[in-house]
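Asks: Here the sequence shown stands for residues 213 to 503, numbered as in our numbering. Glycine residues also receive a C-beta, built at the ideal position from the N, C-alpha and C atoms.
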Amino acid sequence: MRLDDEQASSNVEDRRGQRGRRGGFRIPMGRRGGGGIGIGTIVILGIMWLVFGVNPLEMLGGGGLQQQTQQVPQTQQQQGAPAANDEMGKFASKVLSTTERTWARIFKENNRQYQEPRMVLFSGYVQSACGAAQSAMGPFYCPRDKKIYIDLSFFRDMSTRLGASGDFAHAYVIAHEVGHHVQTLLGIAEKVTAARLRSSKTEANRLSVRMELQADCLAGVWARDNKNILEQGDIEEGINAATAIGDDRLQKRSQGYVVPESFTHGTSAQRVEWFKRGIQTGDIRQCDTFG
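1) Is it the case that the stretch 430-437 contacts the stretch 484-491, given that we only count it when at least three CB pairs across the two stretches are under 8 Å?
2) How many angstroms separate the CA atom of glycine 458 from the CA atom of aspartate 369?
3) Note down the Cα distance separating alanine 316 from serine 309, rounded to an integer number of angstroms.
4) Cα separation between glutamine 346 and valine 421?
5) Would you check if the stretch 434-454 and the stretch 373-382 touch, i.e. whether three or more CB-CB distances between them fall below 8 Å?
6) How many angstroms separate the CA atom of alanine 383 from the CA atom of cysteine 342?
7) Since glutamate 333 sits in a beta bridge, which residues does DSSP pair it with?
8) Less than 7 Å between the beta carbons of serine 305 and arginine 228, yes or no?
9) Leucine 364 to tyrosine 353, Cα distance in whole Å?
10) Give the secondary structure of glycine 350 by DSSP, where H, G and I count as helix, E and B as strand, and everything else as coil.
11) Short of 6 Å in beta carbon distance, which residues of its chain neighbour glutamine 504, apart from the five on each side in sequence? Order them along the chain.
12) Is it true that the CB of threonine 493 sits closer than 7 Å to the CB of glutamine 426?
13) Whole angstroms is fine: what's the gap from leucine 398's alpha carbon to histidine 477's?
14) Could you tell me the alpha carbon to alpha carbon distance between methionine 213 and aspartate 226, rounded to whole angstroms?
15) Mind reading off the beta-carbon distance from alanine 220 to lysine 302? Whole number of angstroms is fine, and I expect it under 8 Å.
16) By the 10 Å Cβ neighbour count, where 16 or more other Cβ atoms means buried, how is glycine 468 classified, buried or exposed?
17) Quick check on valine 338: does DSSP put it in helix, strand or coil?
18) Which whole-angstrom value describes the C-beta separation of aspartate 437 and arginine 483, a residue pair presumed to lie in contact below a C-beta threshold of 8 Å?
19) From the DSSP output, in three-state form, read off glutamine 288 for me.
20) Would you kindly work out how many angstroms separate the C-alpha atoms of threonine 314 and valine 390, rounded to a whole number?
21) If you follow the alpha helix (DSSP H) that cysteine 429 is in, where does it begin and where does it stop?
22) Hey, would you say alanine 401 sits closer than 7 Å to threonine 311, going by beta carbons?
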């Protein structure tokens with residue numbers, strides 16, 4: 213990706229190295245999570261959260277995004293959180309800036325005003341308005357404070373453990389999380405959450421899959437809008453990343469077999485299909501995974 217001429221976003225909080233890290237909960241290697249999904253390693257569990265939306269705390273019996281938690285005091289959330297000045301921090305900040313430009317334009321064209329999310333960079337442990345999490349859980353979006361949380365070491369794990377390398381593969385992760393923010397602003401997330409609470413576990417999983425696939429499609433819309441900064445091979449990196457984090461691929465890797473009714477993020481083929489649809493059309497109306 214050609215990001216040298218891109219401005220860094222002003223909506224980044226760098227909490228890396230701040231006081232407050234703790235051991236938190238530990239997930240024994242090889243332990244199986246709830247909901248019928250076998251999780252072989254902490255990294256696989258983290259990838260399950262990557263697909264932006266289902267908190268592994270929920271799968272392990274915790275409340276996840278629906279758990280009532282105490283919000284971090286304002287002084288810890290925003291004060292004393294300088295902008296990132298390292299290479300990976302700047303990369304994430306510039307990618308976020310490109311999403312701001314894309315969604316501000318699209319919202320304006322639809323007579324709406326885009327509210328920019330904040331991105332929190334952390335290391336090890338973080339407290340959000342949606343609860344506490346460790347970096348092993350992977351990146352996530354919290355609708356309660358409209359913030360994206362990410363430990364940038366996750367990109368290294370993507371490359372070394374899943375073979376999903378490249379700067380665009382990493383940018384796709386951020387764009388997907390921003391896609392969840394867009395869903396929140398449009399009221400989609402609230403409706404789906406309400407529907408999931410009224411549904412059986414199987415149906416709730418299906419709704420979760422549709423949410424995640426829509427976020428993939430919205431990430432594709434962002435990619436098309438920023439084709440001027442893409443380089444040869446970037447789209448292929450994104451498709452490879454979408455393939456690597458499909459439910460079927462992850463379940464096969466972690467437990468040796470797949471359980472389709474337990475899918476919460478979609479198969480590799482589905483993720484690639486909706487990501488490519490967003491890239492090919494550039495039209496959010498084509499991202500109706502609920503239709």
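Replies: In short, the structure shows the following:
1) Verdict: yes, contact present.
2) The count along the sequence shown starts at 1 and reaches residue 458 at position 246. The count along the sequence shown starts at 1 and reaches residue 369 at position 157. If I take the Cα positions, the gap works out to 16 Å.
3) The residue given as residue 316 occupies position 104 in the sequence shown. The residue given as residue 309 occupies position 97 in the sequence shown. The C-alpha of alanine 316 lies about 11 Å from the C-alpha of serine 309.
4) By one-based count along the sequence shown, residue 346 stands at place 134. By one-based count along the sequence shown, residue 421 stands at place 209. C-alpha separation (whole angstroms): 24 Å.
5) With a cut-off of 8 Å, the stretch 434-454 and the stretch 373-382 count as touching, because enough Cβ pairs lie within range.
6) Locating residue 383 in the sequence shown gives position 171, where the first residue counts as 1. Locating residue 342 in the sequence shown gives position 130, where the first residue counts as 1. So the alpha carbons of these two residues sit roughly 23 Å apart.
7) Residue 333 sits at position 121 when you count from the first residue of the sequence shown. Reading off the sequence, residue 333 comes out as leucine, not glutamate. Leucine 333 is bridged to Asp226 and Ile362.
8) Along the sequence shown, read from residue 1 onward, the residue named residue 305 stands at position 93. Along the sequence shown, read from residue 1 onward, the residue named residue 228 stands at position 16. If you check the CB distance, serine 305 and arginine 228 do not come in under 7 Å.
9) What you label residue 364 is simply residue 152 of the sequence shown in a count that begins at 1. What you label residue 353 is simply residue 141 of the sequence shown in a count that begins at 1. Between leucine 364 and tyrosine 353, the C-alpha separation is close to 14 Å.
10) Here residue 350 refers to the residue found at position 138 when the sequence shown is read from its first residue. It is coil, neither helix nor strand.
11) For the chain, the structure presents residues 213 to 503; residue 504 sits outside this window and is missing.
12) By 1-based counting over the sequence shown, the position of residue 426 is 214. By 1-based counting over the sequence shown, the position of residue 493 is 281. No. Outside cutoff.
13) Locating residue 398 in the sequence shown gives position 186, where the first residue counts as 1. Locating residue 477 in the sequence shown gives position 265, where the first residue counts as 1. Near 20 Å, if we compare the C-alpha coordinates of histidine 477 and leucine 398.
14) Residue mapping note: residue 213 aligns to position 1 of the sequence shown, counting from 1. Residue mapping note: residue 226 aligns to position 14 of the sequence shown, counting from 1. The straight-line gap from Cα to Cα measures roughly 23 Å.
15) Position 8 of the sequence shown holds residue 220. Position 90 of the sequence shown holds residue 302. About 6 Å separates the two Cβ atoms, so the contact holds.
16) Here residue 468 is taken as the residue at index 256 of the sequence shown, counted from 1. In this structure glycine 468 is exposed. Its beta-carbon is surrounded by fewer than 16 other beta-carbon atoms within 10 angstroms.
17) For the purposes of this step, residue 338 is taken as residue 126 along the sequence shown, with counting starting at 1. In this structure, DSSP gives valine 338 an extended state, which the three-state scheme calls strand.
18) Counting from 1 along the sequence shown, the entry for residue 437 is found at position 225. Counting from 1 along the sequence shown, the entry for residue 483 is found at position 271. Aspartate 437 to arginine 483, Cβ: 20 Å. No contact.
19) Reading the sequence shown from its first residue, position 76 is the one you call residue 288. A caution first: glutamine 288 carries a pLDDT of 38, below 50, which makes its placement in the model too unreliable to give a value.
20) Your numbering for residue 314 matches position 102 in the sequence shown. Your numbering for residue 390 matches position 178 in the sequence shown. Cα to Cα, the separation comes out at about 11 Å.
21) Indexing the sequence shown from 1 puts residue 429 at position 217. Looking at the DSSP string, the run of the alpha helix (DSSP H) that includes cysteine 429 is 413-437.
22) Here residue 401 refers to the residue found at position 189 of the sequence shown. Here residue 311 refers to the residue found at position 99 of the sequence shown. No, the pair does not count as a contact, with Cβ atoms beyond the cut-off.
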